[in-house]
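Below: the structure, in structure tokens.
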Amino acid sequence: MNKISIENLLYNVEKPARYLGNELNSVHKEVHDKTIRYAFCFPDIYEIGMSHLGMKIMYYLLNNIDDIYCERVFAPAVDMEEEMKKHGIPLFGLESRQAITDFDFIGFTLQYELSYTNVINMLKLANVPIYSKDRNEEHPLVIFGGPCSYNSEPIADFADIIVLGEAEEVQIEIINLYREHIAKGYNKDLFLKSVAKIEGVYVPSFYEVKYNKDGTINSITPKIDDIPAKIKKRIIEDLDNAFYPEKVIVPYLDIVHDRVVLEIFRGCIRGCRFCQAGIVYRPVREKSPTRLSNLAQALLSSTGYEEISLSSLSTSDYSQLQEFVEKLIEKYSDDKIGISLPSLRLDNFSLELIKEIQKVRKTGLTFAPEAGSQRLRDVINKGLTEEDLINATEKAFASGWNNVKIYFMIGLPTETTEDLLGIKDLAFKVADIYYKTPKDQRGKGLNITVSTSTFIPKPFTPFQWEPQIKLEEIYKRQNLLKEEIKHRNITYNYHDAKTSYIEAVFARGDRKLSKALELAVDMGCKFDGWDEYFDFDRWMEIFEKTNIDPEFYVSRKREYDEVLPWDHIDVGINKEFLIRENEKAKKAEITPNCRANCSACGINQSFVGGIC
């Protein structure tokens, strides 16, 4: 394999450091005949992909094995893609600058439905046939993983293998099996039949989807013997002893999250009915403070970073958070190492802890009540009250904070105009609290940012059967809030409804959408999650040309007995539990968190470990 020369291209692009591949702590290996080459692809630009924790874990996990060489691949920015096409340069691994079409594996992490066009475009840039059926033994095996793999049906025809759940163990098992097949004469079909028996592995080509006349799914069944009818996700049972890198690559340019990231636990004890991650990442498994302290020391020493971020779905639910953070502050405050606590909840918000953290580096505060009324917060099982928000902001303003961000969703099931106006009322109450705070205590100049996103019914949530509200209704509700939220200290931002619409199509879609994705890339769609590149009218044209009605996926309420595109995937949660939660939502009934009371979701019957 020859090294590709890109030096002349870099003079013509913005941020050439994206493509150098020789950053501090990057891995470079000698390649020999038996080296297994793995391209870990992130379908977005360098700055976003380099912030992804999963890539950091898998990069070092695979490279710690002598005969595996894992390289990073990101979607080239538009200017770089143009230069590559102009000079006939295929997609390459950053470390070796060799074409990934000659690698053994091309793995994509699917973090966001609107990145699907980038996945296909990257395969095209690599000169790899986009459909699994068109690839033979001469081509790399294409693997998908990540949270979107729980319903990967819209993109399933492009994958040879889909990993469901946490990949650390299953990825090694796949490569070990591949090594065995290479030794005795590699045949792609025989390998896929073997790999399909590994728990957590889904081979879409071995499953047949039959449809009813109305377009709904009749059945999803295996086409061959000895593979499961339902594919069960994989988890890491012992998170404390699981692999975690003690160094990470330090980029030459600023990235989205430029700091040490400590993953403190996986899963979530909450049961927010709109939240897919809170369901599919169950059960909760924590890392010990001792393990985390050792990792913090190693990562700070190997990178020179000056901030530690404690990562999880709900950081304030870590059972030993107070003690652990106090120890970090005691150890690193003299070195001006900051501590970041994302994902704090209002009902267990510790101002004392935040005040200690802010002694090193002061930031704004972010809260997410999600809904404007108590009734609707109970519908979604948020488990927060208006009193929680009031108490938290009173404490914050009295301690000198003056920047607050508050996040909500619009279009939640059963939402009324009264619920919607509750968003304005809450924001105004927060502003009133600031002005009631004595001037000698509060910070100077209040800034409140209210942001709304559009509810998207996601697979494996109690709301998976619900429709998304119509585009016209989304605009109506956004405009109402724009008119109502007029305050000199409050800024109102809202997410583009059209991107939420397309996201809903692919979040809830089936295999019939593959032809739309193929045409979309041919028509120039890419970076659809970026406002400057997203083209809603073009997507509507694509759906029309491929005879797809997007409303079928977005705005249609589904019955409990309908076969859903993801029904052959087992995340360990009983469908009966999701139905119970959907019914409780209709009555605005709360389900306690997992530490307070077991809700019989089924995860304790499927997996060992965690709270269950």
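Numbering that gives the first Met the number 0 numbers the first residue of the sequence shown as 0 and each following residue consecutively.
We put the beta carbon where it would ideally sit given N, CA and C, even for glycine.
Computed from a prediction, not measured in an experiment: that's the story for all the values here.
Per DSSP, cross-strand counterpart(s) of Ala-98: The residue labelled residue 98 in the question sits at position 99 within the sequence shown. According to DSSP, which records beta bridges pairwise, Ala-98 is partnered with Phe-91.
Proximity winner among Asp-439, Asn-488, Gln-463, relative to Val-449 (alpha-carbon distances): The residue you call residue 449 lines up with position 450 of the sequence shown. It is Asn-488.
The segment 420–439 contacting the segment 363–372, beta-carbon criterion three pairs below 8 Å: yes
3-residue-minimum beta strand (DSSP E) runs that sit fully inside the segment 223–286, ordered along the chain: 259–262
Alpha-carbon to alpha-carbon, Ile-263 and Asp-101: The residue labelled residue 101 in the question sits at position 102 within the sequence shown. The residue labelled residue 263 in the question sits at position 264 within the sequence shown. Cα to Cα, the separation comes out at about 37 Å.
Contacts around Tyr-206, its chain only, beta-carbon distance under 8 Å, and the 5 residues preceding and following it disregarded: Taking the sequence shown and counting its residues from 1, one reaches residue 206 at position 207. Around Tyr-206: Ile-219, Thr-220, Pro-221, Lys-222, His-567.
Limits of the beta strand (DSSP E) - the one that Ala-38 falls within: In the sequence shown, the residue the question calls residue 38 occupies position 39. Ala-38 -> beta strand (DSSP E) spans 35–41.
Beta carbon of Ser-308 nearer than 7 Å to that of Ser-287: Taking the first residue of the sequence shown as 1, we reach residue 308 at position 309. Taking the first residue of the sequence shown as 1, we reach residue 287 at position 288. No, Cβ-Cβ distance for Ser-308 and Ser-287 is not below 7 Å.
Per-residue burial, Gln-604 [other beta carbons within 10 Å of its own, 16 or more giving buried]: Along the sequence shown, read from residue 1 onward, the residue named residue 604 stands at position 605. Result: exposed.
Three-pair Cβ contact test at 8 Å for the segment 304–318 versus the segment 254–268: yes
Minimum Cβ-Cβ distance from Ala-584 to chain B less than 7 Å: Included in the structure is just one protein chain, with no chain B present.
Anticipated Cβ contact below 8 Å, Gln-477 with Tyr-500, distance rounded: One-based indexing of the sequence shown puts residue 477 at position 478. One-based indexing of the sequence shown puts residue 500 at position 501. About 13 Å separates the two Cβ atoms, so there is no contact after all.
Cβ distance (whole Å) where Arg-344 is taken to contact Ser-318 below 8 Å: Along the sequence shown, one-based indexing puts residue 344 at 345. Along the sequence shown, one-based indexing puts residue 318 at 319. With 8 Å as the limit, Arg-344 and Ser-318 do not qualify as a contact, their Cβ atoms being about 14 Å apart.
Status (buried if at least 16 other CB within 10 Å, exposed otherwise) for Lys-457: The count along the sequence shown starts at 1 and reaches residue 457 at position 458. So Lys-457 counts as buried.
Nearest-angstrom Cα separation, counted from Ala-228 out to Val-324: Locating residue 324 in the sequence shown gives position 325, where the first residue counts as 1. Locating residue 228 in the sequence shown gives position 229, where the first residue counts as 1. So the two alpha carbons sit approximately 45 Å from each other.
Distance, Pro-466 Cα to Asp-548 Cα: Residue 548 sits at position 549 when you count from the first residue of the sequence shown. Residue 466 sits at position 467 when you count from the first residue of the sequence shown. In a straight line, the C-alpha of Asp-548 is about 14 Å away from that of Pro-466.
Met-49 to Pro-15 span [Cα, whole Å]: Your numbering for residue 49 matches position 50 in the sequence shown. Your numbering for residue 15 matches position 16 in the sequence shown. Going from the Cα of Met-49 to the Cα of Pro-15 covers about 15 Å.
Euclidean distance between Cα positions of Ala-125 and Lys-84: Taking the first residue of the sequence shown as position 1, residue 125 is located at position 126. Taking the first residue of the sequence shown as position 1, residue 84 is located at position 85. One C-alpha to the other measures close to 11 Å.
For Gly-184, the three-state DSSP class (helix, strand or coil): By one-based count along the sequence shown, residue 184 stands at place 185. Coil, per DSSP.
Beta-carbon spacing of Ile-3, Ile-88 below 7 Å: Translated into positions along the sequence shown, residue 3 becomes position 4. Translated into positions along the sequence shown, residue 88 becomes position 89. Yes, the pair counts as a contact, with Cβ atoms nearer than the cut-off.
Buried or exposed (CB count within 10 angstroms, at least 16 for buried), Gly-337: By one-based count along the sequence shown, residue 337 stands at place 338. Per the 10 Å Cβ criterion, buried.
Simplified DSSP state of Gly-609, which is helix, strand or coil: Counted from its first residue, the sequence shown places residue 609 at position 610. Confidence at Gly-609 is low in this model, with a pLDDT of 47, below 50, so its placement is unreliable and the value that follows should be read with caution. In the structure shown, Gly-609 sits in coil (DSSP, three-state: anything other than H, G, I, E or B).
Inter-residue spacing [alpha-carbon to alpha-carbon] between Gly-144 and Ala-430: Counting from one through the sequence shown, the residue named residue 144 turns up at place 145. Counting from one through the sequence shown, the residue named residue 430 turns up at place 431. Going by the C-alpha atoms only, they are around 43 Å apart.
7 Å Cβ shell around Lys-196 - same chain, five flanking residues per side excluded: Residue 196 sits at position 197 when you count from the first residue of the sequence shown. Counting only Cβ-Cβ distances below 7 Å, and skipping sequence neighbours, we find Asp-225, Ile-226.
Residue span of the beta strand (DSSP E) that contains Asn-581, given as start and end: Mapped onto the sequence shown, residue 581 falls at position 582. First-last for Asn-581: 574–585, but that is the alpha helix (DSSP H), not the beta strand (DSSP E).
Residue environment, Arg-594, which counts as buried when at least 16 other CB atoms sit within 10 Å: Here residue 594 corresponds to residue number 595 of the sequence shown, with the count starting at 1. Its Cβ having fewer than 16 others within 10 Å, Arg-594 is exposed.
Pick from Glu-152, Ser-25, Lys-123 that is closest to Ser-95, judged by C-alpha positions: Mapped onto the sequence shown, residue 95 falls at position 96. With distances taken between Cα atoms, Ser-95 lies closest to Ser-25.
Own chain, CB closer than 8 Å to Gly-528, minus 5 neighbours either side, in chain order: To locate residue 528, count along the sequence shown from 1; it is residue 529. Only Asp-43, Tyr-111, Leu-113, Ser-114, Thr-498 meet the Cβ criterion.
Cβ pair Glu-502, Ile-455 closer than 7 Å: Here residue 502 refers to the residue found at position 503 of the sequence shown. Here residue 455 refers to the residue found at position 456 of the sequence shown. Taking 7 Å as the Cβ cut-off, Glu-502 and Ile-455 qualify as a contacting pair.
Of the residues Phe-107, Gly-270, Tyr-68, Ala-182, the one placed nearest Ala-166, counting alpha carbons only: Counting from one through the sequence shown, the residue named residue 166 turns up at place 167. Answer by Cα proximity: Phe-107.
Nearest-angstrom Cβ-Cβ length linking Leu-163 and Ile-230, presumed shorter than 8 Å: Position 164 of the sequence shown holds residue 163. Position 231 of the sequence shown holds residue 230. The pair is a contact, with the Cβ atoms about 6 Å apart (cut-off 8 Å).
Nearest to Thr-453 (by Cα), restricted to the options Ala-587, Phe-407, Leu-445, Phe-459: The sequence position of residue 453 within the sequence shown is 454, counting from 1. It is Phe-407.
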